[in-house]
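J.: Just so you know, the protein sequences line up as chains A and B, in that order. FYI, the numbering for the first sequence is 1 to 343, going by this note's numbering. FYI, the numbering for the second sequence is 1001 to 1343, going by this note's numbering. C-beta atoms are modelled at their ideal positions from N, C-alpha and C, and glycine is treated no differently.
2 protein chains.
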Amino acid sequence: MTKTNDPEGTPPRVRTLADLARLAGVTAGTVSRALAGKELISAETRERIQKLADEHGFRPNQMARRLRTQRTGVIGVVVPLGHERRQHLSDPFFMTILGHLADALTENGYDLMLSRIIPDANDWLERIVTSGMLDGVLLIGQSDQFEAIERVAATYRPLVVWGSALPGQVHCAVGVDNRMGGRLAAERLIERGCRRLAFLGEVRTLELIERHRGVCDALAAAGLPPPLQLDTHLASDIMADEIAGHVDALPPEVDGIAAASDVIAMRTIRALVDRGISVPGRIAVTGFDDLPLSESIVPRLTTVRQDLVTGARAMVDALFARIGGADAPSVEMPPVLVPRDSA
Amino acid sequence: MTKTNDPEGTPPRVRTLADLARLAGVTAGTVSRALAGKELISAETRERIQKLADEHGFRPNQMARRLRTQRTGVIGVVVPLGHERRQHLSDPFFMTILGHLADALTENGYDLMLSRIIPDANDWLERIVTSGMLDGVLLIGQSDQFEAIERVAATYRPLVVWGSALPGQVHCAVGVDNRMGGRLAAERLIERGCRRLAFLGEVRTLELIERHRGVCDALAAAGLPPPLQLDTHLASDIMADEIAGHVDALPPEVDGIAAASDVIAMRTIRALVDRGISVPGRIAVTGFDDLPLSESIVPRLTTVRQDLVTGARAMVDALFARIGGADAPSVEMPPVLVPRDSA
DNA sequence: TCCTTTGGCGGTATCGTTAGGATAAAGCGC
DNA sequence: GCGCTTTATCCTAACGATACCGCCAAAGGA
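1. Give the DSSP-derived three-state secondary structure of glutamate 295(A) in the structure shown.
2. Using the three-state DSSP reduction, which class does glycine 181(A) fall into: helix, strand or coil?
3. How about valine 1338(B): is its C-beta nearer than 8 Å to some C-beta of chain A?
4. Using a Cβ cut-off of 8 Å, pull out every chain A residue sitting near arginine 1267(B), in sequence order please.
5. According to DSSP, what are the bridge partners of glutamate 332(A)?
6. Is there a C-beta anywhere in chain B that falls below 8 Å from the one on alanine 178(A)?
7. Can the beta-carbon of aspartate 255(A) be found closer than 8 Å to that of cysteine 216(A)?
8. Can you list the residues of chain B that glycine 37(A) reaches, using a CB-CB cut of under 9 Å?
9. Would you mind working out which of Ser1342(B), Ala1284(B), Asp1307(B), Ser1261(B) sits nearest valine 1298(B), comparing C-alpha positions?
10. Give the residues of chain B in contact with asparagine 61(A), contact being defined as C-beta atoms less than 7 Å apart.
11. Run through DSSP, which three-state label would aspartate 111(A) get?
12. If you follow the alpha helix (DSSP H) that glutamine 229(A) is in, where does it begin and where does it stop?
13. So is leucine 40(A) buried or exposed if we call it buried at 16+ other beta carbons inside 10 Å?
14. Could you check whether the Cβ of leucine 1127(B) sits closer than 8 Å to any Cβ belonging to chain A?
15. Within 8 Å of any Cβ in chain B, is that where the Cβ of alanine 64(A) sits?
16. Is it right to say glutamine 1306(B) is buried, meaning 16 or more other beta carbons lie within 10 angstroms of its own, or is it exposed?
17. List, in chain order, every chain A residue whose beta-carbon is nearer than 7 Å to that of valine 1273(B).
18. Determine which residues of the region 1099–1111 of chain B have a Cβ less than 8 Å from any Cβ of chain A, and write them out in chain order.
19. Against methionine 1113(B), what residues of chain A qualify as contacts under a CB-to-CB distance less than 8 Å, listed in chain order?
20. Applying the 10 Å Cβ sphere with the 16-neighbour rule, what's the burial state of glutamine 70(A)?
21. How big is the Cα-Cα spacing for methionine 1(A) and aspartate 317(A)?
22. I'd like to know whether the C-beta of methionine 95(A) is nearer than 8 Å to at least one C-beta of chain B.
23. Going along chain A, which residues have a C-beta under 8 Å from glycine 1057(B)?
24. For arginine 1270(B) and chain A, any beta-carbon pair shorter than 8 Å?
25. Could you tell me whether the region 1132–1152 of chain B touches the region 1316–1332 of chain B, using the rule of 3 or more Cβ pairs below 8 Å?
26. Could you tell me which residues DSSP puts in a beta bridge with alanine 259(A)?
27. Would proline 1092(B) count as contacting chain A if we go by Cβ distances under 8 Å?
28. Assuming proline 335(A) and glycine 181(A) form a contact by the criterion Cβ under 8 Å, report the distance between their Cβ atoms to the nearest whole angstrom.
29. Just the Cα atoms here: how many angstroms apart are glycine 1037(B) and arginine 1046(B)?
30. Per DSSP, arginine 1305(B) forms a beta bridge with which residues?
31. Measuring CB to CB, does alanine 314(A) end up less than 8 Å from valine 331(A)?
32. Could you please give the first and the last residue of the uninterrupted beta strand (DSSP E) stretch that includes leucine 139(A)?
33. Output needed for leucine 1023(B): all residues of its chain with C-beta closer than 8 Å, excluding positions within five of it in sequence on either side, in chain order.
34. Taking the Cβ atom as the reference point for each residue, do valine 263(A) and proline 80(A) lie within a distance shorter than 8 Å?
35. Please name the residue, chosen from Ala220(A), Glu44(A), Met113(A), Arg157(A), that lies closest to glutamate 326(A) on a Cα-to-Cα basis.
36. Count the other C-beta atoms from every protein chain shown that fall within 10 angstroms of the C-beta of threonine 96(A), then say buried if there are 16 or more, exposed otherwise.
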């Protein structure tokens, strides 16, 4: 229409409210309200402006909106890897729970920002919550950062953590009773006739400490010796060799293995089968988590189920409650033994 | 110090540059530059301000910074689920590649925003790229949205897609040669003596169409009939039943199955074993992807490897090149057959 | 006919930060 | 001692959207 020296003749792009306002012959404020669907603007003008807006493919700039409203619509999902520098986000457990969190958050119109943090600075969590970038934070796992989390939770409300809830704990945690879970796994093994157990997993993070404790509880109750504890990192690149080493060095009297996670259990079964050791015939193996794949493998994994769908939803519910100013308590879900073929 | 009617006597929190500037006796601009480590500020003042800043735990507001600089430091990772409304982000393939993308992006100082999009509106991608929220977009999978992607890629540079690269295609895609991959899988099955193949997977998305084509290629080259094609959705909640149904209805002459993904292959093996059909003895099965778990299961999965670590890095490299204004071409990685036990 | 009410919109300040030109204080040579 | 450059900081104007206040006209009541 208008003659410009733009060789393309492209109409100037509508990038801001003001641009659109000029076109519509109103002011920016009016456009803002019209697009927000506010009743203060007459239905007629509102529709006219909305039509104009999507004719020009206009979307309000989110940064500006967020700066102004002090709300971002973004939830941070953070995986602290303090104890485990080599672990990657690609770990199946993280990814599974992350998927469910993403489902729950996007259904509620929130976006999800992902960070994998190695807490080298002690104020890593403070830095995240005060960045003015997030409406709330979900932490996947307590790692060995219990103190740091407690410190921040004392003043920052919209924070929910996947992990264990200890008596008197300040921060809101959602998770299963890991100690009970450990006990269920060990009880299953004992019931099957196992007399000498090994626990494969590191005993440094709160959750795994609890699982280990649960195994000890069950053994003690049955009058059996505590488990042989074998450190196993979750980092997938070294885990395979580590487990192979453990399996090779396994004392002959060991007839049951309680793995700290499903991934460890699967790798362990693989290593045992490779050496001609039958599972569960010669050695029974239990996992922990009940990842979706655990029932698809052969032998199907006997494991302790953490209901990640329910858990993710509980985390999101608690977070929204806290964002809304309410007080959401910790949730401890009961673990469930899923008896299948491996033990 | 100062008497306030704050009952706690809490020192007023330092939230803004201006607050800190007042404390330091300089202006906000000076503080901004000092914290950014600019040389224009004398080393002395710079250190003084930085010390003051972390005494008060001050972090600049990211929204304001981003609005001002027009850079967000955030990359959007989007999973379009056009063809598959029931598929969830918790799908292992998405999660695996997402994990590697997260690793690569965070190493480069970028944050990652995750969206799971069901493209009900045709302008879903436009909406994302013009939201003013992202420095770039990574798309995982082309779904059935090829046209929409091409349209946006024509004007929006920092966009990289995981998927197939067709001749003449505008958008930058990183992926493996799916057709070649399909051929490799089928050739392996034929080589093992299979004469009648089934292809388990939907033939609607570009990548799976190509894989299916590759299988047809190999069969044709060997003078064998095209595969029996059995629709299998990726949505994990219905996939199990669907596969069980396919297996039950399988014609007796079928002696080889090329699954469209590892997850489908694992479920299929499970279903076969449940029915007393030996794998690979009676029916051989190949997967596609080579997920980390594929070598941990029994029988170990023979599959076509997509190197997701390299692939994720290639996507991120291409994206940064494009953000920097350079022109990154599509990357087509060669698929590799990983012969293991299942075929 | 005049005054009040109310609907509909305009104007302006603000969110917290950064960039760039202006400004003041030193340092230097003559 | 004066002018000029350098150095260190200040001041102001954005970035783009929203919230609040207030104005104007049309409608309704007396």
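T.: Result, derived from the coordinates:
1. Residue mapping note: residue 295(A) aligns to position 295 of the first sequence, counting from 1. Reduced to three states, the DSSP call for glutamate 295(A) is helix.
2. The residue given as residue 181(A) occupies position 181 in the first sequence. Three-state result, glycine 181(A): helix.
3. What you label residue 1338(B) is simply residue 338 of the second sequence in a count that begins at 1. No - not a single Cβ of chain A is within 8 Å of the one on valine 1338(B).
4. As a first step, residue 1267(B) is located in the second sequence; it is residue number 267 there, counting from the start. Those are Ser296, listed as they occur along chain A.
5. To locate residue 332(A), count along the first sequence from 1; it is residue 332. Looking at the DSSP assignment, glutamate 332(A) forms a beta bridge with Gly175(A).
6. Translated into the one-based positions of the first sequence, residue 178(A) becomes position 178. Before going further, note that residue 178(A) is asparagine rather than alanine in the sequence given. Not closer than 8 Å to any Cβ of chain B, the Cβ of asparagine 178(A) fails to qualify, so no.
7. Indexing the first sequence from 1 puts residue 255(A) at position 255. Indexing the first sequence from 1 puts residue 216(A) at position 216. Not a contact, by the Cβ cut-off of 8 Å.
8. To locate residue 37(A), count along the first sequence from 1; it is residue 37. None at all; the shortest Cβ gap to chain B is about 17 Å.
9. Position 298 of the second sequence, counted from the first residue, corresponds to residue 1298(B). Looking at the Cα atoms, Ser1342(B) is the closest of the given residues.
10. To locate residue 61(A), count along the first sequence from 1; it is residue 61. What asparagine 61(A) touches in chain B: Gly1132.
11. Position 111 of the first sequence, counting from 1, holds the residue named residue 111(A). Of the three classes helix, strand and coil, the one that applies to aspartate 111(A) here is strand, per DSSP.
12. For this step, residue 229(A) is matched to residue 229 along the first sequence. No alpha helix (DSSP H) contains glutamine 229(A), which is instead part of the beta strand (DSSP E) from 228–230.
13. Within the first sequence, the letter at position 40 stands for residue 40(A). Exposed.
14. Against the second sequence, residue 1127(B) aligns to sequence position 127. The question names leucine, but residue 1127(B) in the sequence shown is arginine. Yes, because at least one Cβ of chain A sits closer than 8 Å to the Cβ of arginine 1127(B).
15. The residue given as residue 64(A) occupies position 64 in the first sequence. Closer than 8 Å to some Cβ of chain B, the Cβ of alanine 64(A) qualifies, so yes.
16. Along the second sequence, one-based indexing puts residue 1306(B) at 306. Buried, since its Cβ has 16 or more Cβ neighbours within 10 Å.
17. Here residue 1273(B) refers to the residue found at position 273 when the second sequence is read from its first residue. Result: Val298.
18. Gly1099, His1100, Ala1102, Asp1103, Thr1106, Asp1111
19. Looking up residue 1113(B) in the second sequence gives position 113. Val74, Asp111, Leu112, Met113, Leu114, listed in chain order.
20. Here residue 70(A) refers to the residue found at position 70 when the first sequence is read from its first residue. By the 10 Å Cβ count, glutamine 70(A) comes out exposed.
21. As a position in the first sequence, residue 1(A) is number 1, starting the count at 1. As a position in the first sequence, residue 317(A) is number 317, starting the count at 1. Reliability fails at methionine 1(A), whose pLDDT of 41 lies under 50, so the model's placement of it is uncertain and the value that follows must be treated cautiously. Rounded to the nearest angstrom, the two C-alpha atoms are 53 Å apart.
22. For the purposes of this step, residue 95(A) is identified with residue 95 of the first sequence, where counting begins at 1. So, interface residue.
23. Residue 1057(B) sits at position 57 when you count from the first residue of the second sequence. Chain A residues near glycine 1057(B): Asp123, Glu126, Thr130.
24. Start at 1 with the first residue of the second sequence, and residue 1270(B) comes out as number 270. Taking Cβ atoms only, chain A reaches closer than 8 Å to arginine 1270(B), which makes this a yes.
25. yes
26. For the purposes of this step, residue 259(A) is taken as the residue at position 259 of the first sequence. DSSP lists Leu200(A) as partners of alanine 259(A).
27. To locate residue 1092(B), count along the second sequence from 1; it is residue 92. For proline 1092(B), the answer is yes, since a Cβ of chain A falls inside 8 Å of its Cβ.
28. Taking the first sequence and counting its residues from 1, the one referred to as residue 335(A) is at position 335. Taking the first sequence and counting its residues from 1, the one referred to as residue 181(A) is at position 181. Confirmed, Cβ separation roughly 4 Å.
29. Here residue 1037(B) is taken as the residue at index 37 of the second sequence, counted from 1. Here residue 1046(B) is taken as the residue at index 46 of the second sequence, counted from 1. Roughly 7 Å separates the two Cα atoms.
30. As a first step, residue 1305(B) is located in the second sequence; it is residue number 305 there, counting from the start. DSSP, once it has assigned bridges, lists Asp1289(B), Val1336(B) as partnering arginine 1305(B).
31. As a first step, residue 314(A) is located in the first sequence; it is residue number 314 there, counting from the start. As a first step, residue 331(A) is located in the first sequence; it is residue number 331 there, counting from the start. In contact: alanine 314(A) and valine 331(A) (Cβ atoms closer than 8 Å).
32. In the first sequence, counting from the first residue as 1, residue 139(A) sits at position 139. Segment 136–140, the beta strand (DSSP E) holding leucine 139(A).
33. Stepping through the second sequence from its first residue, residue 1023(B) is reached at position 23. Val1014, Leu1052, His1056.
34. The residue labelled residue 263(A) in the question sits at position 263 within the first sequence. The residue labelled residue 80(A) in the question sits at position 80 within the first sequence. It is not a contact, given that the beta carbons lie outside the stated cut-off.
35. Numbered from 1 along the first sequence, position 326 holds the residue referred to as residue 326(A). This sequence places alanine at residue 326(A); glutamate is not what is there. Nearest of Ala220(A), Glu44(A), Met113(A), Arg157(A) to alanine 326(A), Cα basis: Arg157(A).
36. Walking along the first sequence from the start, residue 96(A) turns up at place 96. Looking at its Cβ environment, which holds 16 or more other Cβ atoms inside 10 Å, threonine 96(A) is buried.
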